[in-house]
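Some notes on the structure that comes next.
Protein chains: 2
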Amino acid sequence: MKYRSIGEAAAALDIPDSTIRYYEKMGLLPLLERDKAGRRIFSDDQMALLGTVMCLKNTHMPISDIKQYVDWIVEGESTLERRLEMMNRHKQAVLDEIALMTESLKGIDYKIERYARQLGKK
Amino acid sequence: MKYRSIGEAAAALDIPDSTIRYYEKMGLLPLLERDKAGRRIFSDDQMALLGTVMCLKNTHMPISDIKQYVDWIVEGESTLERRLEMMNRHKQAVLDEIALMTESLKGIDYKIERYARQLGKK
DNA sequence: TGTTGACTTAAACCATAGTTCAAGTCGTAT
DNA sequence: ATACGACTTGAACTATGGTTTAAGTCAACA
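Here it is in structure tokens:
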């Protein structure tokens, strides 16, 4: 199994190393292994977890909620139902936010049209 | 012309009064009038501007950029081109962010499916 | 006339999400 | 052997976007 350094993991996900250290400190990356020198090493499983964390972060889930989710993963099968419910609720929140952005974009498009018209007919 | 109090303006846009005061202090609401008692009064024009500010805020434009935009509005017609360019750039940023969220949502949907399957077949 | 309720101010406070710093360790390539 | 780059730590620092507080003013209604 291939292990990655923090630099490789960060490059793979296009985020700064410092963010990964911060996430670990916040408890989003439990069970992260170290080599003999004390350096973080990322297994495929940890890369997958980090990918999930990034999905949640990219959709604006607060760190505290991501931590709850990760804690449930560590806790095991007994939390499957809670995890499913959390993901369903989050999905709806994301859809709502996308809808708000899309709606607000209409106001922006309206400005663009008006400015373009004013500049064009001058 | 109907004027609104800060409470009415806030209720119309479903935001706290304190946010409107904060936006005014940040310079997002220049030319906002006051009544004899010193209270803010919102004309239809100011309501429209506030609506635009909310569109920009809802699409995650930083306060400092919104201020630049409002400053250009106050400056007048000579800034039309810059405003158009700013709105076009912002529109692209919003589309990019929606795309990222939509993509990240796929990872979440995948989790939902897996959890649902695991819970269903048990 | 007096008590509400909505408003005013400036300044302090808060949460969130990182980033930066200083000082030090490790392993490999020359 | 040593220099280099990538890594380590904890703590301090930053930026952003508000919210809260304290003390006070004002207009209208009972």
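Top line first, the protein sequences correspond to chains Z and F. Residue numbers for the first sequence follow our numbering, so the first one is -14 and each next one is one higher. Residue numbers for the second sequence follow our numbering, so the first one is -14 and each next one is one higher. Where is the CB? At the ideal position from N, CA and C, for every residue including glycine. Owing to the predicted nature of the structure, the values given are computational and were not obtained by experimental measurement.
According to DSSP, residues forming a beta bridge with residue i
i	result
Ile58/F	Its beta-bridge partners do not exist; DSSP assigns none.
Arg19/F	Arg25/F
Arg(-11)/Z	Phe27/Z
CB contact below 8 Å: residue i versus chain F
i	result
Ser89/Z	yes
Val79/Z	yes
Gln103/Z	yes
Lys76/Z	yes
Lys96/Z	yes
Thr37/Z	yes
Ile83/Z	yes
Arg19/Z	no
Leu69/Z	yes
Pick from the options that is closest to residue i, judged by C-alpha positions
i	options	result
Leu90/Z	Ala(-6)/F, Met72/F, Ser89/F	Met72/F
Tyr(-12)/F	Val79/F, Glu9/F, Ser28/F, Ala(-6)/F	Ser28/F
Arg6/Z	Glu(-7)/Z, Lys21/Z, Arg25/Z	Arg25/Z
Glu108/Z	Glu18/F, Lys10/F, Gly(-8)/F, Leu104/F	With chain Z running from -14 to 107 in the structure shown, residue 108/Z is simply not present.
Asp50/F	Leu80/F, Pro1/F, Tyr8/F	Tyr8/F
Lys106/Z	Met11/F, Pro47/F, Leu65/F	Leu65/F
Gln77/F	Ala78/Z, Glu70/Z, Thr4/Z, Ile93/Z	Ile93/Z
Glu18/F	Glu98/F, Arg68/F, Ile0/F, Ile(-9)/F	Ile(-9)/F
Glu70/Z	Glu98/F, Leu41/F, Trp57/F	Glu98/F
Ile48/Z	Leu34/Z, Thr37/Z, Met11/Z	Met11/Z
Leu35/Z	Glu(-7)/Z, Leu80/Z, Glu82/Z	Glu(-7)/Z
Cys40/F	Ser3/F, Trp57/F, His75/F	His75/F
Glu82/Z	Met46/Z, Trp57/Z, Asp20/Z	Met46/Z
Ala(-5)/F	Val79/F, Trp57/F, Gln53/F, Ala33/F	Ala33/F
Thr4/F	Arg102/F, Ala84/F, Lys42/F	Lys42/F
Contact belief for residue i with residue j at Cβ below 8 Å, rounded distance in angstroms
i	j	result
Leu(-2)/F	Val55/F	With 8 Å as the limit, Leu(-2)/F and Val55/F do not qualify as a contact, their Cβ atoms being about 16 Å apart.
Gly86/F	Thr44/Z	In the sequence as presented, Gly is not what sits at residue 86/F; that position holds Met. With a Cβ gap of about 5 Å, Met86/F and Thr44/Z count as contacting.
Pro15/Z	Val59/Z	6 Å
Arg68/Z	Tyr95/F	Contact flag wrong, Cβ pair sits at about 13 Å.
Three-state secondary structure assigned by DSSP to residue i
i	result
Lys52/Z	helix
Ile5/Z	helix
His75/F	helix
Ile97/F	helix
Thr44/F	coil
Met11/Z	coil
Ile83/F	helix
Lys91/Z	helix
Residue i at chain Z interface by Cβ criterion, 8 Å
i	result
Gly108/F	A query on residue 108/F cannot be resolved here, the shown segment of chain F reaching from -14 to 107 and no further.
Leu16/F	no
Gly(-8)/F	no
Tyr100/F	yes
Leu(-2)/F	no
Gly124/F	Since the first residue of chain F shown is -14 and the last is 107, residue 124/F is not available in this structure.
Thr44/F	yes
Leu65/F	yes
Met72/F	yes
Met32/F	no
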